[in-house]
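Colleague: Per the UniProt record's numbering, residue 1 is the first one in the sequence shown, and the count goes up by one each step.
Backbone N, C-alpha and C fix where the C-beta goes; we use that ideal spot for every residue, glycine too.
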Amino acid sequence: MSRARIRRAELRAKKQRRIHAVLVLSALIIIPILVVAFGGLVATAEIMRGLPKLKNEDKIQNWQTTKIFASNGTLLTNLYYEQDRVVVPLSEVSPYLQHAVIAIEDERFYKHKGYDPEAIARAFFANLASGHTVEGASTITQQYVKNTIVTREKTFDRKIKEAALAYQLEQKYTKAQILEKYLNTIYFGHSWYGVETASNNYFGKRAKMLSLPEAAILAAIIKSPNDFSPYVNLGKAKERRDLVLHQMARLKYITPLEESQSVAAPVTARPMTKPVTPAPYFVEYVKQKLIKRYGENVVFKGGLRVYTTINLTMQKQAEQAAWSTLDHPKDPSASIVAVEPATGYIRAMVGGRDFNKDKYNLATSHNRQPGSSFKPIVFAAAIENGISPFQEYSSSPGDLPIGGGQTWHVDNYVEGSGGPPMPLRSALVRSVNTVFARLILDVGVNKVTEVAKKMGMPEWIINQDPAIALGGFTNGPSPLDMASVYSTFANGGKHCPPEAITRVTDASGKIIDQYVPKPQQTISEATAYIVTDVLQDVIRYGTGTRARISGPCAGKTGTASGYRDAWFCGYTPGLSAAVWVGYPKGQISMYNVHGIRVAGGTFPAQIWSRFMSKATANMPRGSFVKPRGGIENVLVCTESGLLPSKFCPDVEYRPFLSTKVPRQKCPLHKSPGIVAIPNVVGLPEKPAIDKLDQAHFGHSSVYREDVRGIRGVVTTQVPAAGERARQGVIIQITVSTGGVGSSAKGITVSDIVGLSEENARQQLESAGFNVIDVTSSPYQRGRAVRGKVVSQNPAAGTTLQYGQTVTIYINRRN
Numbered sequence: 001m002s003r004a005r006i007r008r009a010e011l012r013a014k015k016q017r018r019i020h021a022v023l024v025l026s027a028l029i030i031i032p033i034l035v036v037a038f039g040g041l042v043a044t045a046e047i048m049r050g051l052p053k054l055k056n057e058d059k060i061q062n063w064q065t066t067k068i069f070a071s072n073g074t075l076l077t078n079l080y081y082e083q084d085r086v087v088v089p090l091s092e093v094s095p096y097l098q099h100a101v102i103a104i105e106d107e108r109f110y111k112h113k114g115y116d117p118e119a120i121a122r123a124f125f126a127n128l129a130s131g132h133t134v135e136g137a138s139t140i141t142q143q144y145v146k147n148t149i150v151t152r153e154k155t156f157d158r159k160i161k162e163a164a165l166a167y168q169l170e171q172k173y174t175k176a177q178i179l180e181k182y183l184n185t186i187y188f189g190h191s192w193y194g195v196e197t198a199s200n201n202y203f204g205k206r207a208k209m210l211s212l213p214e215a216a217i218l219a220a221i222i223k224s225p226n227d228f229s230p231y232v233n234l235g236k237a238k239e240r241r242d243l244v245l246h247q248m249a250r251l252k253y254i255t256p257l258e259e260s261q262s263v264a265a266p267v268t269a270r271p272m273t274k275p276v277t278p279a280p281y282f283v284e285y286v287k288q289k290l291i292k293r294y295g296e297n298v299v300f301k302g303g304l305r306v307y308t309t310i311n312l313t314m315q316k317q318a319e320q321a322a323w324s325t326l327d328h329p330k331d332p333s334a335s336i337v338a339v340e341p342a343t344g345y346i347r348a349m350v351g352g353r354d355f356n357k358d359k360y361n362l363a364t365s366h367n368r369q370p371g372s373s374f375k376p377i378v379f380a381a382a383i384e385n386g387i388s389p390f391q392e393y394s395s396s397p398g399d400l401p402i403g404g405g406q407t408w409h410v411d412n413y414v415e416g417s418g419g420p421p422m423p424l425r426s427a428l429v430r431s432v433n434t435v436f437a438r439l440i441l442d443v444g445v446n447k448v449t450e451v452a453k454k455m456g457m458p459e460w461i462i463n464q465d466p467a468i469a470l471g472g473f474t475n476g477p478s479p480l481d482m483a484s485v486y487s488t489f490a491n492g493g494k495h496c497p498p499e500a501i502t503r504v505t506d507a508s509g510k511i512i513d514q515y516v517p518k519p520q521q522t523i524s525e526a527t528a529y530i531v532t533d534v535l536q537d538v539i540r541y542g543t544g545t546r547a548r549i550s551g552p553c554a555g556k557t558g559t560a561s562g563y564r565d566a567w568f569c570g571y572t573p574g575l576s577a578a579v580w581v582g583y584p585k586g587q588i589s590m591y592n593v594h595g596i597r598v599a600g601g602t603f604p605a606q607i608w609s610r611f612m613s614k615a616t617a618n619m620p621r622g623s624f625v626k627p628r629g630g631i632e633n634v635l636v637c638t639e640s641g642l643l644p645s646k647f648c649p650d651v652e653y654r655p656f657l658s659t660k661v662p663r664q665k666c667p668l669h670k671s672p673g674i675v676a677i678p679n680v681v682g683l684p685e686k687p688a689i690d691k692l693d694q695a696h697f698g699h700s701s702v703y704r705e706d707v708r709g710i711r712g713v714v715t716t717q718v719p720a721a722g723e724r725a726r727q728g729v730i731i732q733i734t735v736s737t738g739g740v741g742s743s744a745k746g747i748t749v750s751d752i753v754g755l756s757e758e759n760a761r762q763q764l765e766s767a768g769f770n771v772i773d774v775t776s777s778p779y780q781r782g783r784a785v786r787g788k789v790v791s792q793n794p795a796a797g798t799t800l801q802y803g804q805t806v807t808i809y810i811n812r813r814n
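1. On the three-pair Cβ rule with 8 Å, is the segment 458-476 touching the segment 541-550?
2. Would the segment 172-182 and the segment 206-216 be scored as touching if the rule is three or more Cβ pairs under 8 Å?
3. With a 10 Å radius around its C-beta and 16 neighbouring C-beta atoms as the bar for buried, classify Asp399 as buried or exposed.
4. Should Gly582 go down as buried or exposed, given a rule of 16 or more other Cβ atoms within 10 Å for buried?
5. Hey, how far is the Cα of Ser335 from the Cα of Gly471?
6. Taking the beta carbon of His495 as the centre, do at least 16 other beta carbons fall within 10 Å, making it buried, or is it exposed?
7. Could you tell me which residues DSSP puts in a beta bridge with Met482?
8. Return the CA-CA distance between Lys238 and Ser365, expressed in angstroms with no decimal places.
9. If you check the beta carbons only, do Arg368 and Asp565 fall under 8 Å apart?
10. If you measure from the beta carbon of Pro719 to each beta carbon in chain D, is any gap under 8 Å?
11. Looking at C-alpha atoms only, which residue of Ala695, Val790, Ile596 is the closest neighbour of Val675?
12. Classify Pro420 as buried or exposed, calling it buried when 16 or more other Cβ atoms lie within 10 Å of its own Cβ.
13. Skipping 5 residues on each side, what residues in its chain have a beta carbon closer than 6 Å to that of Pro423?
14. Let me make sure I understand the geometry here. Which of Ser373, Ala103, Lys670, Lys357 has the alpha-carbon closest to that of Ala220?
15. Helix, strand or coil for Ile383 per DSSP?
16. How long is the line joining the alpha carbons of residue 837 and Gln288, rounded to whole angstroms?
17. Please list, in chain order, all residues of the same chain as Thr805 whose beta carbon is under 8 Å from its beta carbon, the five residues on each side excluded.
18. Please check the pair Val443 and Ala381, which I expect to be a contact at CB under 8 Å, by giving their CB distance rounded to whole angstroms.
19. Comparing C-alpha positions only, which one of Leu165, Leu480, Gln143, Asn201 sits nearest to Ile186?
20. I think Thr139 touches Ala166, with their Cβ atoms under 8 Å apart; what is that distance to the nearest whole Å?
21. Output needed for Ser658: all residues of its chain with C-beta closer than 7 Å, excluding positions within five of it in sequence on either side, in chain order.
22. Just mark Glu118 as buried or exposed, buried being the case when its beta carbon has 16 or more other beta carbons within 10 Å.
23. Would you grab the beta carbon distance between Val789 and Ile752 for me? Rounded to a whole angstrom, and I think it's under 8 Å.
24. Does the segment 499-517 come into contact with the segment 445-455, if we say contact requires no fewer than three beta-carbon pairs (one atom in each stretch) closer than 8 Å?
25. Rounded to whole angstroms, what is the Cα-Cα separation between Pro397 and Ala796?
26. Rounding to the nearest angstrom, what Cα-Cα distance links Val435 and Asn491 in this structure?
27. DSSP puts Met422 in a beta bridge; with which residues?
28. Can you tell me the Cβ-Cβ gap for Leu218 and Ala198, rounded? I've got them flagged as a contact below 8 Å.
29. Please report the residue range of the alpha helix (DSSP H) in which Thr141 lies.
30. Along the chain, where does the beta strand (DSSP E) containing Met349 start, and where does it finish?
31. Considering only DSSP beta bridges, list what Lys788 is partnered with.
32. Quick one, are the C-beta atoms of Thr557 and Ser372 less than 8 Å apart?
33. Beta strand (DSSP E) containing Gly582: first to last residue?
34. Look at the alpha carbon of Ile30 and the alpha carbon of Lys146, and state the distance between them as a whole number of angstroms.
35. Less than 8 Å between the C-beta atoms of Ala176 and Leu90, yes or no?
36. From Phe489 to Val579, what does the alpha carbon distance come to, in whole angstroms?
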């Protein structure tokens with residue numbers, strides 16, 4: 001052949017390659033061009049002029065470790081690529097695995113030239129029909145390019161470059177070489193890269209020794225290790241594995257018999273052993289957020305520096321609170337999430353008992369029913385829509401019409417009880433289902449769900465059903481959701497979305513992303529304050545008395561049907577926390593745990609109290625801030641909620657929206673003398689005595705052990721509540737000293753010398769002692785600051801029984 005003819009043949013071949021390249025790019029960009037019109041044409045032209053060359057894009061040697069830090073700068077973990085990878089030739093990889101990967105990731109691998117127009121078209125129409133991305137079109141070659149080039153470019157730009165490089169790669173290497181490179185670089189979750197490392201870690205064997213079901217599992221994981229790893233979700237892993245096997249049979253890589261035998265095989269993986277990571281569920285949560293934001297390539301190779309919100313001291317306190325309470329091997333699990341209301345920063349996240357054994361994060365799980373912990377949102381929606389907290393509703397069980405000829409039967413069988421009509425405020429404190437069922441029908445389900453969404457409840461989990469008033473969700477909120485929603489009450493109605501990451505930089509310190517809290521006013525300050533005022537009573541003497549801590553606090557219990565989920569969600573001015581207790585796998589009833597039925601007011605409230613008492617110990621003891629406008633504190637009759645007459649036995653100041661201040665006088669108390677005895681059962685001793693005093697009754701206290709009682713809480717009263725008696729009559733109250741045998745142990749008197757009179761009294765009374773304060777002798781004047789305790793009797797360390805007296809001596813002179 002002449003030199004000229006050879007030259008013409010080379011030119012024709014070169015021209016054909018150019019035409020081929022143009023077709024590649026056209027297939028990828030024609031649809032975006034039609035969508036974005038002229039602006040897109042200009043952008044695409046710019047991209048095409050800068051298409052890369054394969055030799056200039058090999059940046060694998062520049063991979064750097066990503067580091068994640070706690071809020072105090074402590075290193076939580078390293079995320080890396082190169083560390084845990086063993087390269088093997090294709091001959092050392094099981095043919096089962098080779099075929100499985102091709103079948104599920106790129107069935108036309110041996111037919112295309114690095115890109116696949118047929119797959120692109122199929123994916124486009126599938127995604128168009130569904131309205132969102134359900135199918136991808138990247139070939140194995142394109143995936144390899146993506147996995148070996150660190151880039152933060154936008155998706156459209158990156159896809160074009162990937163296609164160009166994939167085409168060049170196919171000209172340079174054989175299909176076998178490309179497949180080998182791909183299998184040695186692909187990510188299999190848990191910081192494991194390449195088939196050899198993945199095979200060893202998942203199954204304890206070399207990649208060439210994998211069985212067909214094992215090979216199918218590894219191929220299944222590639223699409224999304226966080227979803228399909230058998231360590232994360234065994235059910236999803238099997239479902240995806242069986243799809244891989246079906247694809248292999250369809251493409252004739254295996255026989256139908258091999259498919260059926262492998263589908264019947266269980267999904268197994270050897271126990272995982274990894275170094276201990278502080279706050280492991282939080283770290284995994286952060287890692288997944290990073291991958292979603294930047295892609296696996298950047299996260300594991302880009303050398304990011306990630307600064308998070310986790311407070312390791314609070315994290316340890318949360319873990320101790322959970323597992324010191326649920327300390328038996330067969331106990332249910334728990335989750336705690338603590339959020340800072342003013343910023344949305346996640347300060348603690350307990351997602352399970354042991355991350356190495358179960359990586360399913362209960363803190364972000366959305367399949368739990370919130371029970372009555374959703375009632376404050378319904379109450380807030382009612383206040384926002386002009387309903388008074390003292391409006392009365394029937395508390396009796398009944399069949400409520402809900403439209404379309406249907407009725408909704410509601411009982412009070414979880415935490416509250418029924419009876420005569422009662423104010424909404426009382427119904428929230430007592431958690432009465434029937435009142436809130438009627439309330440949501442009055443307010444409107446749509447208005448309640450709108451308030452819930454504004455306060456931070458994910459829209460997709462909220463079903464338009466009145467049953468949500470009682471916690472009846474199709475997909476329930478997570479503990480993270482509930483901590484976030486309750487933080488809105490704590491923050492005066494302003495909501496900050498929960499955030500785990502404050503700042504991301506590159507390895508040199510250059511800021512890539514930075515989070516700045518932007519609170520949004522979602523409900524009025526007045527509404528938030530009124531809800532908080534009621535939720536404080538829930539802890540004082542409602543269903544949440546076990547959650548009491550020193551200082552201002554508010555919260556609500558929640559118990560799902562059948563005692564399957566139990567909650568306590570609450571807050572102080574500086575911290576919001578949600579506690580969930582239940583069994584992670586399956587909806588299992590908690591009828592007998594430590595001898596009790598687990599409701600929200602039991603273990604969840606106790607865990608919340610143990611955690612929050614320590615987590616807030618060093619925080620300023622501020623109070624919930626009353627709004628400057630929109631709220632009026634009005635003296636009302638406690639029983640009626642109306643302006644008191646001079647004969648009302650029990651009065652108190654309560655907050656009202658300025659537009660809803662009561663104008664009528666109480667009609668219940670028209671004359672002095674014989675009145676109804678107030679109910680003090682269930683109240684702590686001091687509030688019970690105060691309530692009897694306000695009603696002008698005397699009192700005497702008797703202290704007894706009670707297996708069912710909470711120490712310091714009134715268990716009985718004589719005469720009973722509701723009986724009518726002449727004011728001044730002595731009411732005998734029985735106060736529980738705790739479970740049987742507790743009195744034998746006694747209570748140790750703490751050292752209160754040097755404390756202020758108020759702090760000393762609060763500390764002693766909270767321990768269960770009666771306190772008498774006496775002005776100190778003159779000779780003690782110069783030895784203590786005015787208003788401080790100078791001595792005590794008996795001395796610190798003495799053991800007394802609940803209800804016994806401690807005398808404190810106060811310096812009230814200069």
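Modeller: By the coordinates alone:
1. no
2. no
3. exposed
4. buried
5. 18 Å
6. buried
7. According to the DSSP secondary-structure assignment, Met482 is paired through a beta bridge with no residue.
8. 20 Å
9. With a cutoff of 8 Å on beta-carbon distance, Arg368 and Asp565 are scored as near each other.
10. Of the protein chains in this structure there is only one, and it is not chain D.
11. Ala695
12. exposed
13. Phe390, Glu392, Gly641
14. For the residues Ser373, Ala103, Lys670, Lys357, the minimum Cα distance to Ala220 belongs to Ala103.
15. helix
16. Coverage of the chain is limited to positions 1 through 814, which leaves residue 837 absent and any answer about it impossible.
17. Phe769, Asn770, Val771, Ile772
18. 5 Å
19. Gln143
20. 6 Å
21. Gly630, Ile631, Glu632
22. exposed
23. Contact between Val789 and Ile752 holds, with the beta-carbon distance rounding to 5 Å and staying under 8 Å.
24. no
25. 52 Å
26. 27 Å
27. In the DSSP assignment, Met422 forms a beta bridge with Tyr393.
28. 6 Å
29. 140-147
30. 346-350
31. According to DSSP, Lys788 bridges with Ser756.
32. Yes, these two residues count as a Cβ contact at 8 Å.
33. 576-582
34. Its pLDDT being 45, under 50, Ile30 is placed unreliably by the model, and the measurement read from it follows with that caveat. Rounded to whole angstroms, Ile30 to Lys146 spans 21 Å at the Cα level.
35. yes
36. 17 Å
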